[in-house]
Each structure stands twice: as C-alpha cells, then as structure tokens.
Amino acid sequence: AIQNSIRAEAPELFQWTKWSQTEPVEVFLPKGGSVVADRGAEQGDPFGSTHCGATLKRHVIDARAELAGTARFGDCWFAADGQLFSRPAVASQVLMAVDKAAARCGITRATGADAKTTAKLVCHPSLTTTVGDAWVTEHIANSCKILAPNNGSEILGAPIGNQNFVQSYVQD
9 AIQNSIRAEA
19 PELFQWTKWS
29 QTEPVEVFLP
39 KGGSVVADRG
49 AEQGDPFGST
59 HCGATLKRHV
69 IDARAELAGT
79 ARFGDCWFAA
89 DGQLFSRPAV
99 ASQVLMAVDK
109 AAARCGITRA
119 TGADAKTTAK
129 LVCHPSLTTT
139 VGDAWVTEHI
149 ANSCKILAPN
159 NGSEILGAPI
169 GNQNFVQSYV
179 QD
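Count the sequence shown with this note's numbering and you get residues 9 to 180, in order.
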C-alpha cells in the first residue's frame with residue numbers, strides 16, 4: 009500500500025521507497041524488544057511521515073468515494089495522527105468506510121479495551137441532550153473511547169477546547 013501510494017502521490021520518491029522496503033529490518037518497540045518487518049515506515053526513515061501521509065490520503069479518498077452522495081466528512085492529518093469530522097447521524101458510516109479502506113492494506117485500529125481512538129460529540133451545549141448518544145453505534149463503541157461531549161483534548165501537544173480547558177492545560 010505504501011509503495012502504491014507513493015507511486016501515485018510522490019513518484020519522485022518511489023524508487024527510494026521500493027529499495028528501502030526490499031529487505032526486512034529490525035524495528036525496536038517502545039516497551040522493549042523488537043520485531044522484524046518488511047513493510048511500513050521504518051524507524052528513523054526521513055520519509056516515514058510522507059509514506060504514512062500518502063497512504064492515509066489514499067484511504068480517505070477511497071472512503072470518500074464509497075460514501076459519495078450519502079455521507080460527508082472532514083479530516084485533518086499529521087503523519088499517523090488524524091481527526092475525522094462528520095454529522096453525528098453519519099459518524100459510524102464514515103468511520104466504517106475509513107476503517108474498511110485502511111483494512112484493505114492491513115491497517116487496523118485497536119478495539120475493545122485496547123482501543124486508542126477517541127470520539128466525542130462537539131456541538132452547541134444546548135444540543136447535547138437533543139443529539140444524545142445515538143451516534144455511538146456498536147462499531148464506534150467497540151473501536152473508540154467515548155469522551156464527554158465538548159470535552160477538551162490534547163492534539164499533537166496542543167490543547168483544543170474551551171477557554172477554561174486551554175487555561176488549565178497551560179497552567180499545569
């Protein structure tokens with residue numbers, strides 16, 4: 009998937025990417041130990057973010073094509089960290105389409121107790137009871153940690169939320 013994405017999005021990097029992924033490499037894990045891998049963005053690879061971004065872009069394009077005319081969404085990415093934005097009524101449909109597109113090349117998200125993805129309702133405070141948690145489908149509940157509506161977040165080291173959240177974050 010990475011090589012196909014680089015060939016489409018950054019053809020100048022294709023030969024380097026192809027060469028750098030021809031031999032397995034030892035990848036050192038944060039908690040110790042290592043695994044041998046022959047695909048993916050290798051540790052220390054100066055084009056790792058490019059590989060990741062180009063591949064994720066292809067998945068998002070595929071998901072948008074699948075949802076054309078039925079559900080719209082916005083997205084924002086930095087390397088492998090991203091956010092999806094949609095109306096609550098189509099949130100599960102959007103997430104399932106992105107997951108399906110990513111799974112075609114072996115990219116999956118942790119589920120159940122191991123889920124790392126977070127999801128929350130962001131809307132005017134007067135609408136939180138109207139919308140409720142009907143948007144939290146089985147797929148979302150199984151693949152995301154559900155945060156309180158309008159809850160502040162830290163994204164790439166920056167606080168995102170209301171003024172009180174940002175001030176408390178900065179004061180800590």
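Ideal Cβ positions, reconstructed from N, Cα and C, are used throughout, including at glycine.
Query: Cα-Cα separation between V33 and S42, rounded to whole angstroms; Result: 10 angstroms
Query: Residue closest to A79, alpha-carbon to alpha-carbon, out of F86, L103, G90 and A62; Result: L103
Query: Residue closest to F86, alpha-carbon to alpha-carbon, out of Q101, A73, A62 and I69; Result: A62
Query: Cβ-based neighbour list, A99, same chain, cut-off 6 angstroms, excluding 5 preceding and 5 following; Result: W143
Query: Sequence-distant residues of its chain with Cβ nearer than 7 angstroms to F173 (five each side left out); Result: G160 and P167
Query: Coarse secondary structure for V98, derived from DSSP in three states; Result: helix
Query: Boundaries of the beta strand (DSSP E) in which C84 is found, first to last residue; Result: F81 to F86
Query: Own chain partners of H132 with C-beta closer than 6 angstroms, once the 5 adjacent residues on each side are dropped; Result: none
Query: Cβ pair H59, V106 closer than 8 angstroms; Result: no
Query: Exposed unless 16 or more other CB atoms sit within 10 angstroms - verdict on S151; Result: buried
Query: Test item: CB-CB of I148 and K128 under 8 angstroms; Result: no
Query: Classification of F36 by the beta-carbon crowding that lies within 10 angstroms, buried from 16 upward; Result: exposed
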